[in-house]
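Just so we're aligned, residue 2 is where the sequence shown starts under our numbering, counting upward by one.
Structure first, commentary second.
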Amino acid sequence: MSVRTAVLFPGQGVPLEGAGEEVARLRPDLLEIAIDAVGEDPFPRAAESTRFTQPAIVCSSLARWSTLGLPNPDAFFGHSLGEIVALAVSGTIDEREALVLAAARGAAMADADPERLGSMAAVRKGGIEAATELAAQHGLVVACDNAPGQVIIAGLITGIDAAAETAKASGNRVRRLDVAGAFHSPLMEPAIAGLQAAIDRTTFREPHTTVWSAVTAAPIDDAPRRLIDSLTHPVLFRPGLLGLHATGVRRFVDAGPGEVAAGLARKTFADAEGSDVVSVDVPETPAERPVGATGDDA
């Protein structure tokens, strides 16, 4: 009996060194689509802004998955931005649509907080309960429940600074993240219109493989709505992993650049017997016709 498997795709915060060259080697057609969607090659400027980072990550993840030649899993699960990749590889949208959505999302989020009043911070101790209480005290929200010991809060910088003082007094620690805004919080509401316009031009189809949503930590029920929700709602990555585990999934494969998603899964399942978390290396040359590859010609 085969092991039930979920393939994971990361969101922001993954290393992209060499990713542009990798895409150009494995899937130059995807790089062309990304350039068309963004207006320029996003990889050289990926560190500058979400308008470049997000399409670069989606482009890299799509290229990696389509060249691995892996069989379709029991589920796809993306962390925030990675949900766009999960929708593409499941056949819900095509690759071009995924890159257009990523470019629109990245641009909309970059423009959402022009004064840069918001930010995010990691709460080091106490898990989701401590982070929720701390956020409520200072007008913040829990933005990401990533893994044990990796809970992120978001909101106005003034609130984050105050939360850091409160945490310090109680023996906890709040560390400000180097991000351009309070992602996954109500401060991202101005980004909704830009992403919605791109969603309205996208054709959504029935997936051939179940996609789990990091907004609901459950199988996705309304893809357009969940893509919008991902802007202002918390990322429930740890609860989603636990939900997949409860359905019998025991193997988790990180197919994106870096090993961030795999790292979060390893922390989540540190004490779960029989759970296997792996990351994968792409081949030197593309697979002949990899199982599970998607795109305009699929």
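Idealized CB from N, CA, C, for every residue including glycine.
Since the model is a prediction, treat every value here as computed from it, not as a measurement.
Residues that residue i bridges to, as DSSP identifies them
i, result
"residue 1", "The structure shown does not extend to residue 1, since the chain is modelled only from 2 through 299, so no value can be given for it."
"residue 8", "77, 254"
"residue 220", "213"
"residue 148", "151"
"residue 236", "145"
Rounded straight-line distance, which links the Cα of residue j to that of residue i
i, j, result
"residue 4", "residue 74", "10 angstroms"
"residue 264", "residue 238", "12 angstroms"
"residue 149", "residue 141", "20 angstroms"
"residue 66", "residue 208", "16 angstroms"
"residue 219", "residue 173", "31 angstroms"
"residue 92", "residue 143", "31 angstroms"
"residue 231", "residue 33", "27 angstroms"
"residue 165", "residue 217", "28 angstroms"
"residue 155", "residue 161", "7 angstroms"
"residue 23", "residue 72", "22 angstroms"
"residue 97", "residue 170", "50 angstroms"
"residue 248", "residue 127", "27 angstroms"
"residue 53", "residue 147", "23 angstroms"
"residue 88", "residue 285", "26 angstroms"
"residue 192", "residue 42", "22 angstroms"
"residue 277", "residue 58", "24 angstroms"
"residue 138", "residue 130", "13 angstroms"
"residue 46", "residue 227", "28 angstroms"
"residue 204", "residue 95", "9 angstroms"
"residue 271", "residue 168", "26 angstroms"
Contact under 7 angstroms by Cβ, residue i with residue j
i, j, result
"residue 35", "residue 11", "no"
"residue 86", "residue 79", "yes"
"residue 132", "residue 50", "no"
"residue 104", "residue 39", "yes"
"residue 267", "residue 6", "no"
"residue 259", "residue 16", "yes"
"residue 115", "residue 185", "no"
"residue 68", "residue 27", "yes"
"residue 257", "residue 215", "no"
"residue 9", "residue 255", "yes"
"residue 61", "residue 108", "no"
"residue 102", "residue 224", "no"
"residue 152", "residue 180", "no"
"residue 178", "residue 122", "yes"
"residue 212", "residue 77", "yes"
Close Cβ partners of residue i (< 7 angstroms) along its chain, the five nearest in sequence each way excluded
i, result
"residue 158", "118, 119, 120"
Reduced DSSP category for residue i - H, G, I as helix; E, B as strand; rest coil
i, result
"residue 62", "helix"
"residue 230", "helix"
"residue 277", "strand"
"residue 1", "As shown, the chain starts at 2 and ends at 299. That puts residue 1 outside it, with no answer to give."
"residue 214", "strand"
"residue 106", "helix"
"residue 176", "strand"
"residue 296", "Bear in mind that a pLDDT of 33 at residue 296, under 50, signals an unreliable position, so the number given afterwards is only what the model happens to contain. Of the three classes helix, strand and coil, the one that applies to residue 296 here is coil, per DSSP."
"residue 15", "coil"
"residue 283", "coil"
"residue 245", "helix"
"residue 72", "coil"
"residue 171", "coil"
"residue 191", "helix"
"residue 225", "helix"
"residue 33", "helix"
Neighbourhood of residue i by C-beta distance below 6 angstroms, restricted to the same chain and skipping five residues each side
i, result
"residue 106", "55, 196"
"residue 163", "139"
Cβ shell of residue i (< 8 angstroms), same chain only, five flanking positions each side left out
i, result
"residue 202", "101"
"residue 281", "65, 69, 71, 254, 255, 256"
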